[in-house]
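Novice:
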Amino acid sequence: MSHDQLWAPWRLGYIQGSNPPPADFQRPMQWLAGADQECFLCRSAADADDRANLVVARGSHSIVLLNRYPYNNGHLLVAPRAHQASLAEVSSETHLEMVQSIARMVDLLKEQIKADGFNIGLNLGRVAGAGVPGHLHWHIVPRWHGDTNFMPVVADLNVIPQSLEALLSLLHDALAAGQR
């Protein structure tokens, strides 16, 4: 059996565990106002460069960003802006804003990328699959009828049909136009 290759160079930093923060994040800890400097969610919340950080939307208490290593096209993360590891730490206002953000993003993804359904989940703790166990976050993973094609079965491979930059532009444009 010959093996075809699917090039995904953006995943190298993830695989090697060597995806360091950009140079402009190498500032003293004070700029994060008590957050975790190693946490990409904290850095994304603190930095105003939404395009570089793949931030789709910001609220007073939460942030929505594209997953840099998506399970599927349109895979979003919704997190509190504060570095909080458990649901008990999150205020009622933050809970409400995050649930409202999840609903808003589901509607936006239905409109913009025609998703037929969604997996929405939260992994609490490393043993539960949390890749960032110190900063809780929800995953929104769009699904389509028939999206489980032969690639995951034959090659143990998922195909992501759209670049992160193109999806981010699409979602930013829709939000700016008042869609959701």
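One rule links them: number in the numbering used here = place in the sequence shown (from 1) + 58.
Every residue, glycine too, gets a C-beta built ideally from N, C-alpha and C.
Keep in mind it's a predicted model, so treat the numbers as computed, not measured.
#1: Is residue 83 helix, strand or coil by DSSP?
#2: Please classify residue 140: does DSSP put it in a helix, a strand, or coil?
#3: Hey, out of 109, 97, 184, 100, whose CA is closest to residue 224's CA?
#4: What is the rounded straight-line gap between the Cα of residue 131 and the Cα of residue 146?
#5: Which value, in whole angstroms, describes the spacing of the CA atoms of residue 176 and residue 107?
#6: Which same chain residues, not among the five before or five after residue 220, have their C-beta less than 7 Å away from its C-beta?
#7: Helix, strand or coil, according to DSSP, for residue 203 in the structure here?
#8: What do you reckon, are the CB atoms on residue 251 and residue 150 nearer than 8 Å?
#9: Using DSSP bridges, identify the partner residues of residue 98.
#10: At which residues does the beta strand (DSSP E) containing residue 178 begin and terminate?
#11: Is the number of C-beta pairs between the segment 225-235 and the segment 163-174 that are closer than 8 Å three or more?
#12: Need the endpoints of the beta strand (DSSP E) that residue 115 sits in, please.
#13: When you compare each of 157, 120, 99 to residue 111 by their alpha carbons, which one comes out closest?
#14: Looking at the unbroken beta strand (DSSP E) that takes in residue 121, where does it start and where does it end?
#15: Less than 8 Å between the C-beta atoms of residue 178 and residue 196, yes or no?
#16: How long is the line joining the alpha carbons of residue 102 and residue 184, rounded to whole angstroms?
#17: Going along the chain, which residues of its own chain have a beta-carbon closer than 7 Å to the beta-carbon of residue 128, five neighbours each way excluded?
#18: Using the Cα positions of residue 6 and residue 162, report the straight-line distance between them to the nearest angstrom.
#19: If contacts are defined as beta-carbon pairs under 8 Å, then residue 228 and residue 124 qualify, I think. What distance do you get, rounded to the angstrom?
Specialist: Once the coordinates are examined:
#1: Because residue 83 sits at a pLDDT of 41, beneath the cut-off of 50, its placement in the model cannot be relied upon, and the following sentence gives the value as read from the coordinates. Note: residue 83 maps to helix in three-state DSSP.
#2: coil
#3: 109
#4: Spanning the two alpha carbons is a distance of roughly 31 Å.
#5: Just so you know, the alpha carbons of residue 176 and residue 107 end up roughly 28 Å apart.
#6: 131
#7: coil
#8: The structure shown has nothing for residue 251, since the chain only spans 59 to 238.
#9: DSSP output for residue 98 lists no bridge partner at all.
#10: 175-180
#11: yes
#12: Residues 113-116.
#13: Minimum Cα-Cα distance from residue 111 among the listed residues 157, 120, 99 corresponds to 99.
#14: 120-124
#15: yes
#16: 21 Å
#17: These residues qualify, in order along the chain: 218.
#18: Because the chain here runs from 59 to 238, residue 6 falls outside it and cannot be looked at.
#19: Between residue 124 and residue 228 the Cβ distance is about 11 Å, and since that is not below 8 Å, they are no contact.
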